[in-house]
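Chemist: If you're matching them up, the sequences are chains S and D in order. The first sequence begins at 6 in our numbering and counts up by one. The second sequence begins at 6 in our numbering and counts up by one. I have a structure here, written as structure tokens, and I will follow up with some questions on it.
Protein chains: 2
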Amino acid sequence: MRDVRIKKYFKKLPYTYAFGFHPTIELIRTKPTKVVKVLFKNEANRFKETEQIRHLCRQKRIKVEFNNKLVDKIAHKSNTYAVGIFQKYEDQPDPTRNHIVLVNPSDFGNLGTIIRSMVAFNFFDLILIKPAADIFNPMVISTTTGALFKIRFKHYNNFVQYVDEYEYHKKFLFRLDGESKLRKTKFKTPYSLVFGHETKGLPNILNQYGEKIVIDHSKHIDSLNIAMSASIAMYEADNKTEKILREKK
Amino acid sequence: MRDVRIKKYFKKLPYTYAFGFHPTIELIRTKPTKVVKVLFKNEANRFKETEQIRHLCRQKRIKVEFNNKLVDKIAHKSNTYAVGIFQKYEDQPDPTRNHIVLVNPSDFGNLGTIIRSMVAFNFFDLILIKPAADIFNPMVISTTTGALFKIRFKHYNNFVQYVDEYEYHKKFLFRLDGESKLRKTKFKTPYSLVFGHETKGLPNILNQYGEKIVIDHSKHIDSLNIAMSASIAMYEADNKTEKILREKK
Numbered sequence: 006m007r008d009v010r011i012k013k014y015f016k017k018l019p020y021t022y023a024f025g026f027h028p029t030i031e032l033i034r035t036k037p038t039k040v041v042k043v044l045f046k047n048e049a050n051r052f053k054e055t056e057q058i059r060h061l062c063r064q065k066r067i068k069v070e071f072n073n074k075l076v077d078k079i080a081h082k083s084n085t086y087a088v089g090i091f092q093k094y095e096d097q098p099d100p101t102r103n104h105i106v107l108v109n110p111s112d113f114g115n116l117g118t119i120i121r122s123m124v125a126f127n128f129f130d131l132i133l134i135k136p137a138a139d140i141f142n143p144m145v146i147s148t149t150t151g152a153l154f155k156i157r158f159k160h161y162n163n164f165v166q167y168v169d170e171y172e173y174h175k176k177f178l179f180r181l182d183g184e185s186k187l188r189k190t191k192f193k194t195p196y197s198l199v200f201g202h203e204t205k206g207l208p209n210i211l212n213q214y215g216e217k218i219v220i221d222h223s224k225h226i227d228s229l230n231i232a233m234s235a236s237i238a239m240y241e242a243d244n245k246t247e248k249i250l251r252e253k254k
Numbered sequence: 006m007r008d009v010r011i012k013k014y015f016k017k018l019p020y021t022y023a024f025g026f027h028p029t030i031e032l033i034r035t036k037p038t039k040v041v042k043v044l045f046k047n048e049a050n051r052f053k054e055t056e057q058i059r060h061l062c063r064q065k066r067i068k069v070e071f072n073n074k075l076v077d078k079i080a081h082k083s084n085t086y087a088v089g090i091f092q093k094y095e096d097q098p099d100p101t102r103n104h105i106v107l108v109n110p111s112d113f114g115n116l117g118t119i120i121r122s123m124v125a126f127n128f129f130d131l132i133l134i135k136p137a138a139d140i141f142n143p144m145v146i147s148t149t150t151g152a153l154f155k156i157r158f159k160h161y162n163n164f165v166q167y168v169d170e171y172e173y174h175k176k177f178l179f180r181l182d183g184e185s186k187l188r189k190t191k192f193k194t195p196y197s198l199v200f201g202h203e204t205k206g207l208p209n210i211l212n213q214y215g216e217k218i219v220i221d222h223s224k225h226i227d228s229l230n231i232a233m234s235a236s237i238a239m240y241e242a243d244n245k246t247e248k249i250l251r252e253k254k
């Protein structure tokens, strides 16, 4: 793959960075054709993971470079010893699997945490409705601890465009004014769990596309953090989904 | 209450700050005797919440001051218009209620998010085993969106000291090597849900004090984020706890 000029990350760059040994290993294992190069600091040689990564790079014919100055230029932390540089990509969501749909997520941390929980609860397809926080921001990638490379994700300009493409997925819209409670809801594959913006929630205009559902919680608080809501919903839905699909991926 | 010299927050200050209208209102409502003063920026007069806060302050005989320079000195965001200044405090956990115990939590965001979820799922007693992230850091208080003022919390130097004081609480230790699964666990009041450090988990030496339990998740990921684990556990445990205690608080 062609070499790139390495710059501090910004949204319009066509490539991005996975910082740290573990995310870099996951990246090479799952998306080898997207990897441009692996950068190390000289200190990386003290860690056994470095030999493992170099071995993988030889197998996959990926370039390796030791360059302290470059790593320090792009990494946020001085104890980042390995960086996987890779081209941005998208994948088509699997029409037979259950989806997570985030409408206008705005927070890097929440987005990363939700992706980590997705993999934990057997969801491998993420739809982002624009505008959305940049999934390729290295902060998001770090928060997922490698889980980003285990899922498929795709951006849509609006919710209707997604509905048109996946009309057979039953859409569960998580809202504070939801009519049915999560605990009592039945989940039949294929379905989509849909979550809104951190403070604004889901627009009312989407109500026509699915069933409004609420996570049963006390009256002592207005709402749950979006990453908590999504994780709880996935935990509950996963448990109620037919187990036959489980081992597909 | 005596006036204080207002400085940018640091851990050893005997007082701290709730930033924003909603947390300030919660603070005055629930902890009026701890409030030293409420600070406003002049622009606060454009918002209806300011009149509500001033009314509460008159009722509770709390000082109010308009001072743009002071607010900008201590707030992180320029759109902070109200600051509740209050003395740090601790409360004795209720021996009849279920507890959340965090052993060496190190992340401000996770701590705040867990407190927000506690209130959502009817947990009002938090135990922090030192060393622990500073619960009074204004970043934690902001993340709880006012929930901090609805719970009791207390620090202990070590887990054994807590166990000695609350010996009748059954301790559920959340560990990746847990023997029983959350989904199958029965919860009988009073009990404690115990969570470890973000990366190190719970020390093995604590195993003798309780039952090891794990949140059922896929093999595709090493672990869940601690705030996710705690929220899911509270959601599940709350649902299985006898409802009679629910309305006590």
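Quick reminder that beta carbons are idealized off the backbone N, C-alpha and C, glycines included.
What residues in its chain sit with their C-beta under 7 Å from that of D:Leu32, if we drop five residues either side in the sequence?
Modeler: Same-chain partners within the cutoff: Ala23, Val40, Gly89, Phe91, Phe154.
Chemist: Does DSSP classify D:Gln92 as helix, strand or coil?
Modeler: Correct three-state label for D:Gln92: strand.
Chemist: Closest to D:Ile119 by C-alpha separation, out of S:Met239, S:Lys245, S:Asn230, S:Ala242, would be which residue?
Modeler: Per the Cα distances, S:Asn230.
Chemist: Anything in the segment 113 to 141 of chain S with a Cβ closer than 8 Å to a Cβ of chain D? List those residues in chain order, please.
Modeler: Correct list: Gly114, Thr118, Arg121, Ser122, Val124, Ala125, Phe126, Asn127.
Chemist: For D:Phe179, is the classification buried or exposed, using 16 other Cβ atoms within 10 angstroms of its Cβ as the cut-off for buried?
Modeler: By the 10 Å Cβ count, D:Phe179 comes out buried.
Chemist: Check distances from the C-beta atoms of the segment 183 to 217 of chain S to those of chain D and list, in chain order, the residues that come in under 8 Å.
Modeler: Listed by position along the chain: Arg188.
Chemist: Throw me the rounded Cβ distance for the S:Ile237 and D:Tyr196 pair, which I believe falls under 8 Å.
Modeler: With a Cβ gap of about 20 Å, S:Ile237 and D:Tyr196 do not count as contacting.
Chemist: Quick check on D:Glu54 - is its C-beta less than 9 Å from some C-beta in chain S?
Modeler: Chain S contact via Cβ: absent.
Chemist: Need the endpoints of the alpha helix (DSSP H) that S:His160 sits in, please.
Modeler: Premise fails: S:His160 lies in the beta strand (DSSP E), 157 to 161, not in any alpha helix (DSSP H).
Chemist: According to DSSP, simplified to helix, strand and coil, what is D:Tyr272?
Modeler: Coverage of chain D is limited to positions 6 through 254, which leaves residue 272 of chain D absent and any answer about it impossible.
Chemist: How far does the alpha helix (DSSP H) with S:Glu56 in it reach, from first residue to last?
Modeler: S:Glu56 -> alpha helix (DSSP H) spans 53 to 65.
Chemist: At least one CB of chain D closer than 9 Å to the CB of S:Met144: is that the case?
Modeler: S:Met144 does not count as touching chain D.
Chemist: For a contact defined as C-beta to C-beta under 9 Å, what are the partners of D:Ala232 on chain S?
Modeler: Simply Thr118, Asn230, Ala232, Met233, Ser236.
Chemist: Rounded to whole angstroms, how far is the Cβ of D:Ile105 from the Cβ of D:Pro28, which I believe are closer than 8 Å?
Modeler: Actually they do not touch by this definition, with Cβ atoms about 20 Å apart.
Chemist: So who's on the other strand from S:Tyr20, going by DSSP bridges?
Modeler: DSSP, once it has assigned bridges, lists S:Gln92 as partnering S:Tyr20.
Chemist: Could you tell me the distance, in whole angstroms, from the CA atom of S:Lys193 to the CA atom of S:Thr246?
Modeler: Rounded to whole angstroms, S:Lys193 to S:Thr246 spans 6 Å at the Cα level.
Chemist: Just how far apart, CA to CA, sit S:Glu95 and S:Ile132?
Modeler: Going from the Cα of S:Glu95 to the Cα of S:Ile132 covers about 10 Å.
Chemist: Decide yes or no for the touch test of the segment 63 to 77 of chain D against the segment 45 to 52 of chain D: beta carbon pairs closer than 8 Å, at least 3 of them.
Modeler: A contact exists between the segment 63 to 77 of chain D and the segment 45 to 52 of chain D.
Chemist: Just checking my contact of S:Leu207 with S:Val199 at CB under 8 Å: how many whole Å lie between their CB atoms?
Modeler: At roughly 7 Å, the Cβ-Cβ gap stays under 8 Å, so S:Leu207 and S:Val199 are in contact.
Chemist: Any chance you could list the beta strand (DSSP E) runs of at least 3 consecutive residues sitting entirely within the segment 147 to 217 of chain S, in chain order?
Modeler: Here the runs fully enclosed are 157 to 161, 175 to 179, 196 to 200.
Chemist: Helix or strand or just coil, what does DSSP make of S:His104?
Modeler: Of the three classes helix, strand and coil, the one that applies to S:His104 here is strand, per DSSP.
Chemist: Rounded to whole angstroms, what is the Cα-Cα separation between S:Val219 and S:Glu184?
Modeler: If I take the Cα positions, the gap works out to 7 Å.
Chemist: Output yes or no for whether 9 Å exceeds the beta carbon distance between S:Ala232 and S:Ser111.
Modeler: No, the Cβ-Cβ distance between S:Ala232 and S:Ser111 is not below 9 Å.
Chemist: Quick check on DSSP: helix, strand or coil for S:Leu116?
Modeler: The answer is helix: DSSP assigns S:Leu116 an H, G or I state.
Chemist: Since D:Lys263 is in the beta strand (DSSP E), which residue starts that stretch and which ends it?
Modeler: Since the first residue of chain D shown is 6 and the last is 254, residue 263 of chain D is not available in this structure.
Chemist: For the alpha helix (DSSP H) that contains S:Lys245, what are its first and last residues?
Modeler: Unbroken alpha helix (DSSP H) run through S:Lys245: 231 to 245.
Chemist: Take every Cβ of the segment 125 to 140 of chain D, pair it with every Cβ of the segment 97 to 104 of chain D, and state whether three or more of those distances are shorter than 8 Å.
Modeler: Enough Cβ pairs lie closer than 8 Å, so yes.
Chemist: Kindly list, in the order they appear in chain S, the residues whose Cβ is closer than 7 Å to that of D:Ala152.
Modeler: Residues of chain S passing the Cβ test: Ile226.
Chemist: For D:Ile249, count the other beta carbons within 10 Å of its own beta carbon; 16 or more makes it buried, fewer makes it exposed. Which is it?
Modeler: In this prediction, D:Ile249 has a pLDDT of 46, which is less than 50 and means its spatial position is unreliable; what the coordinates show is noted afterwards. Burial call: exposed.
Chemist: Does DSSP put D:Asn71 in a helix, in a strand, or in coil?
Modeler: In the sequence as displayed, the identity of residue 71 of chain D is Phe instead of Asn. In the structure shown, D:Phe71 sits in a strand (DSSP, three-state: E or B).
Chemist: In three-state DSSP terms, what is D:Pro136?
Modeler: The answer is coil: DSSP assigns D:Pro136 none of H, G, I, E or B.
Chemist: DSSP three-state call for S:Asp130: helix, strand or coil?
Modeler: Three-state result, S:Asp130: strand.
Chemist: The alpha helix (DSSP H) that contains D:Glu31, what's its start and end?
Modeler: Counting along the chain, the alpha helix (DSSP H) containing D:Glu31 begins and ends at 26 to 35.
Chemist: Would you report the Cα separation of S:Arg251 and S:Tyr171, rounded to the nearest angstrom?
Modeler: Low local confidence applies: a pLDDT of 49 at S:Arg251 is under 50, so the model's placement there is unreliable, and no value is given.
Chemist: What does D:Lys155 touch in chain S if you count any residue whose Cβ is under 7 Å from its own?
Modeler: The answer, in chain order, is His225.
Chemist: Look up D:Lys253 in the DSSP assignment and say whether it is helix, strand or coil.
Modeler: At D:Lys253 the pLDDT is 48, less than 50, meaning the model places this residue with poor confidence; the figure from the coordinates comes in the next sentence. Looking at D:Lys253 - three-state DSSP - the assignment turns out to be helix.
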